[in-house]
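Chains as they are written, first to last, in this note's numbering: chain F, 158 to 491; chain B, 4 to 394; chain S, 698 to 1002.
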Amino acid sequence: MTGGFTIRNIVTVALLVALVLLPLYAELAGQRFLLTLFTRIIILALAAVSLNLILGYGGMMSFGHAAYIGIGGYAVGMLAHEGIFSGFVQWPVALLASALFALVIGALSLRTRGVYFIMITLAFAQMAYYIVAGLARYGGDDGLTIYKRSQFVAPLDLSNKVQFYYVCLALLYGSIYLVWRLVNSRFGMVIQGSRSNDMRMRAIGFPTYRYKLVCFVIAGTLCGLAGALLANHTDFVSPGILYWTRSGDLIIMVVLGGMASAVGPLFGAVALLVLEEALPFVIKLLGTPFFGEAAARASEYWQIIMGPLLLLVVLFARGGIMGLLAKVRAKERA
Amino acid sequence: MRKTLLVASTALMLAAGPAMAQQKTIKIGFVSTFSGPTAVIGNNMRDSFELALDHLGRKMGGLPVEVIYEDDQQKPDVGKQKTEKLIEFDKVDFISGYIWSNVLLASLKPVVDSKTFLIIANAGPSQIAGELCSPYVFSTSWQNDQTPQAMGLYMNQKGVKSVFLIGPNYAAGKDMLAGVASTFKGKVVGQELTTWPSQLDFSAELSKAKAANPDSIFVFYPGAAGVQFLNQYAQAGLKGTIPLYTAYTIDELSLPRQKELALGVPGAQEWVNDLPNDANKKFVADFIKKYNGSRPSFYGAQSYDAVNLINSAVVATKGNLSDKEALRKAMEKADFKSVRGKFKFGNNHMPIQNFYLQEAVKDASGDFVLKTVATIVEDNQDMFHDKCPMK
Amino acid sequence: MTLFIEQCLNGLQFGLLLFLLAAGLTLVFGIMDLVNLAHGSLYMIGAYFAATFAVWTGNFVLGAVLALAATLVVGMAVEVIAMRRLYGRDHLDHVLGTYGLILFFDELVRVIWGPEGLSLSLPSWLNTSVQILPGVNYSAYRLAIIAVTMVVAGFLYVLVMRTRIGMLIRAGASNREMVGALGVNIKLLYTLVFGLGAALAGLAGLMQAPILTVQIGMGENILILAFVITVIGGIGSIRGALVAAIFVGFVDTLGRAFFPDLLRLMLSKDAASTAAPALSSMLIYLLMAIVLVVKPEGLFSTGQK
């Protein structure tokens, strides 16, 4: 994030501006669906940004980050189900519940490291999954429909699609800024230092366990915010949003975007979700002139391309999209 | 990155292009499961839907028809998102499909809010028949409780004294077990719900059923789970000792894999492939011809009826889709030839219909097929219609 | 009492089956330090091969043997083409890359065999129940699974503890670099170990096939359980995997069998029947969390990972 006209910075600014202008385009082109799609992308990007804080900067490979989306979402859903619609109650409860959960599982999980850390965070997330699936009052496995979105003061109306989009976007940009400030502070230096060499940081005299735990709680809370937004976006919560594959999706976004950057996860989220929507179209589009009807059916098999694509990213594009953009710059210099 | 965006938006626009170019088409969205193990159900529904359109010359009231199929991946949240996409982006006139009760319940709000007509081709949660009924929502299937209720009646006729219930832990599973318990006059000695759809090994549940020593076991396991259940039921040594009664567990899609294990196991259904009416004979014969010998299922029959129901309303209103009130009235008449014979709607837009007893048999050429054994109940209406505010 | 014995047998059978999956996983994990999410795909492929070959040959056992060989070959091919390039990378890269492989295999199977899945019928001598104790009948096939897995566990014990390859495997699990430094052909060893793991996963898959039918994505739920076992047992330890697998098998089955009744004593009937299946599935994860909090490197850790 250093200044100057590097390719990477230009593309970043272009994406940030494009997202601000998107509702305008959606309105003019009559493509309101784009607004719904991108609201979802932005919310998941917010979750990915929060995961990046612990995963990318802190080296804590949490495989249970979707749990906070679920906790934030269910906090909103359950309160709405009980007739409490005020966002001034719902959102703080969502954040607090996520923070508390992060505190407890962080305190236990951070005793382990490496693969054991991956698995223990997964275990806690799965427990959360099964607990909400067992809540008969709140729909159990079937999930819970939210009939009214969070209520705020007069001009702010979350049922208005454009307004809701900008709320999500503002929160996302705010979070990116927060993460960026955080990792460049003294606190962030300790966290990053402990990623590269935990023992040395402790020897210098930093109680890294406590630093990491605080970082873990901040990330969980931010992700809980994403959960509250997602519940409002879909008007529905189900245990599915906590399942381990969703945590996997978030990891993919972070790695795809590039872990070394605060905006990387945003790129990852946009790339992954747009690809998911577009890949079937592209197969159909390119295939139809040659294979006719068969291409339409083949487009349902888009994952056969998506899978190896992920593997290729891992093998040949370390550093993800941000890494690639940095490389473009390096080549130009040479 | 911008390239991906560009490709995506061009693709999205191209897809929308042809629809905008024509002056008027009837657009129908169809949400079902086209990926994962239960895709076989979604494909059978789609094939039947397509066949019905072929039979209509792909026109309704002189207007061309365009269908957009969307995959819900058997997940409520995905189904809801796809439903919203069909309403907001494709701006469809009708939505149909929905195999799963939980997917349907999640998707209901955007449909009702936008006043788009919904013709449910399978799922039948009790809420839709009762307090959540809507002027814009119709069903060509059944309410979940009806089929197991019919099974309960049949078990009374057979003089069964006690039953052990096993089913999956989701909206329809709970409705099914409640349904059979509501009409069965004997004793329910035990009930087990299993995690759905991830739990596939029923050994613990079968052992418990065996220990309870009931007269009979009732199960509801749609799709592949039905095959697994019959396998494990036989392996546990229960076949031949404790008789099995089912709903939606043995059908044309699972039968080719259940084979001998399904023989002699009764199931209740509102449609069977050998029902003797002309519409049904044409449907079954043409389906087998068009799809190289694969057979239609009740899921398909309901989808086929859904097309004809939509067509009847479009024809009656002369293609004027903007007058929703007239369209609704035309739909309520159900003026079409259903493949299940008699068909009419109750006040809650759920069908009032017969239920039959079906059994698997081996036909002359050695294939396993389902055949009607008896009519269990005639003109059956669901028990939630009183709770529906529409009169 | 008969019910309890039966449920214990169910638990043992399930546990031993999980052991087959976990053994391969823990070997690959311990020796190559590779987190292989695609292990479940090999389980699925084993089942698909078995169902196909059994129909071709008309013989269940012959089909199973062919499927085992075929899965071994596929496993080694996957190692040579893809996995080899992931060694020495970050665990995160493993997770991402092998997750991509899952998507690929699921779709590939759908293209080749279609979406509806296959079924593998048992020969009639296995498709019954036998009396094991007076008044206790048990599925013959599940007994056969218990027997086969016990034989395989014994074979693995001999292979790992009594042969030269086993010695290298054990050495590799505790100190990878040293084995390489001693001039052992590491590449070949890795391919063999991965193939062995694949064959074990394939065996688990083909044995589950007649019980669960063969379908896309069948490996994904069970994969997580296998990981749980690997971690509880301690990465790289076959013995740990065996103990943890049987433990998890019992907790899962007995939990499902008796937890709902327990819950019914405390909650209303409706709430209990919704909550019970979910909460009994949770027990395993609770178990893992407790083990890791108490012993952060699993029960039988083999070395610094």
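C-beta atoms are modelled at their ideal positions from N, C-alpha and C, and glycine is treated no differently.
Kindly list the residues whose CB is nearer than 8 Å to the CB of residue i, restricted to its own chain and excluding five residues on each side of it in sequence; keep chain order.
i: M847 of chain S; result: L713
i: L964 of chain S; result: A972
Take residue i and list the residues in its own chain whose beta-carbon comes closer than 7 Å to its own, dropping the five residues that flank it on each side.
i: L407 of chain F; result: A204, A205, L208, H222 and A223
i: S836 of chain S; result: S826
i: Q305 of chain B; result: A124, N125, T143 and S144
i: Q160 of chain B; result: none
i: G244 of chain F; result: S307, Q308 and F309
Beta carbon of residue i, beta carbon of residue j: below 7 Å?
i: A293 of chain F; j: V374 of chain F; result: no
i: L382 of chain F; j: Y286 of chain F; result: no
i: A109 of chain B; j: G300 of chain F; result: yes
i: M74 of chain B; j: S38 of chain B; result: Note on residue identity: the sequence assigns Asp, not Met, to residue 74 of chain B. In contact: D74 of chain B and S38 of chain B (Cβ atoms closer than 7 Å).
i: A751 of chain S; j: A938 of chain S; result: no
i: L121 of chain B; j: I98 of chain B; result: yes
i: A377 of chain B; j: L360 of chain B; result: yes
i: V275 of chain B; j: Y307 of chain B; result: no
i: A929 of chain S; j: M985 of chain S; result: First, the residue type needs correcting, since residue 929 of chain S is Ile and not Ala in the sequence shown. Closer than 7 Å, so yes.
i: D392 of chain F; j: K85 of chain B; result: no
i: V43 of chain B; j: P812 of chain S; result: yes
i: F167 of chain B; j: G193 of chain B; result: yes
i: G727 of chain S; j: I932 of chain S; result: yes
For residue i, which of helix, strand or coil comes out of DSSP?
i: A124 of chain B; result: coil
i: T825 of chain S; result: coil
i: Y273 of chain F; result: helix
i: I446 of chain F; result: For clarity, residue 446 of chain F is Pro in the given sequence; the question names Ile instead. In the structure shown, P446 of chain F sits in a helix (DSSP, three-state: H, G or I).
i: G32 of chain B; result: strand
i: M4 of chain B; result: Caution applies to M4 of chain B, whose pLDDT of 44 falls short of 50 and renders its modelled position unreliable; the model cannot decide the point.
i: M218 of chain F; result: coil
i: E381 of chain B; result: strand
i: N357 of chain B; result: strand
i: S219 of chain B; result: strand
i: G727 of chain S; result: helix
i: G270 of chain B; result: strand
i: K27 of chain B; result: coil
i: G344 of chain B; result: strand
i: F944 of chain S; result: helix
Can you find the residues in the same chain that come closer than 6 Å, C-beta to C-beta, to residue i, ignoring five residues on each side of it along the sequence?
i: T754 of chain S; result: G760
i: P820 of chain S; result: F757
i: A491 of chain F; result: A caution first: A491 of chain F carries a pLDDT of 49, below 50, which makes its placement in the model too unreliable to give a value.
i: T193 of chain F; result: none
i: Q25 of chain B; result: With a pLDDT of 43 at Q25 of chain B, under the threshold of 50, the predicted position of this residue should be treated as unreliable, and no value is reported.
i: G877 of chain S; result: I883
i: A232 of chain F; result: V250, A251 and A254
Using the beta-carbon of each residue, which ones in chain C are nearer than 8 Å to residue i?
i: P67 of chain B; result: As a matter of chain content, chain C is missing from the structure shown, whose protein chains are F, B and S.
Which first and last residues belong to the alpha helix (DSSP H) in which residue i is found?
i: V470 of chain F; result: Q460 to F473
i: V166 of chain B; result: No alpha helix (DSSP H) contains V166 of chain B, which is instead part of the beta strand (DSSP E) from S165 to P171.
i: Q231 of chain B; result: A227 to Q238
i: S210 of chain B; result: S206 to A215
i: Q308 of chain F; result: Where Q308 of chain F is concerned, there is no enclosing alpha helix (DSSP H), given that its DSSP letter is neither H nor E.
i: Q194 of chain B; result: Element bounds for Q194 of chain B: not the alpha helix (DSSP H) but the beta strand (DSSP E), K190 to T197.
i: P259 of chain B; result: L258 to Q261
Where do the N-terminal and C-terminal ends of the beta strand (DSSP E) with residue i fall, by residue?
i: G995 of chain S; result: Neither: G995 of chain S is in no beta strand (DSSP E) and is coded neither H nor E.
i: T249 of chain B; result: L247 to A250
- Item | 4 or more residues per run - each alpha helix (DSSP H) lying fully within the stretch 346 to 424 of chain F | 355 to 361, 365 to 391 and 401 to 414
- Task: Pick out the complete beta strand (DSSP E) segments inside the stretch 86 to 153 of chain B, 3 residues or longer, and give them in chain order.
- Result: 97 to 100, 120 to 123 and 140 to 142
* At 4 residues or longer, and completely inside the stretch 762 to 837 of chain S: list those alpha helix (DSSP H) runs for me, N to C. => 788 to 810
request  = Can you check the stretch 856 to 936 of chain S for any alpha helix (DSSP H) of at least 4 residues that lies completely inside it and give the ranges in chain order?
outcome  = 861 to 871, 873 to 878, 883 to 909 and 915 to 930
Counting only runs that start and end within the stretch 230 to 302 of chain F, where is the alpha helix (DSSP H) found for 4 or more residues in a row?
244 to 266 and 272 to 290
- Message: Which runs of the alpha helix (DSSP H) at least 4 residues long sit entirely within the stretch 163 to 193 of chain F? Give them in chain order.
- Response: Along the stretch 163 to 193 of chain F, the alpha helix (DSSP H) occurs as fully enclosed runs of 4 or more residues at 164 to 185, listed in sequence order.
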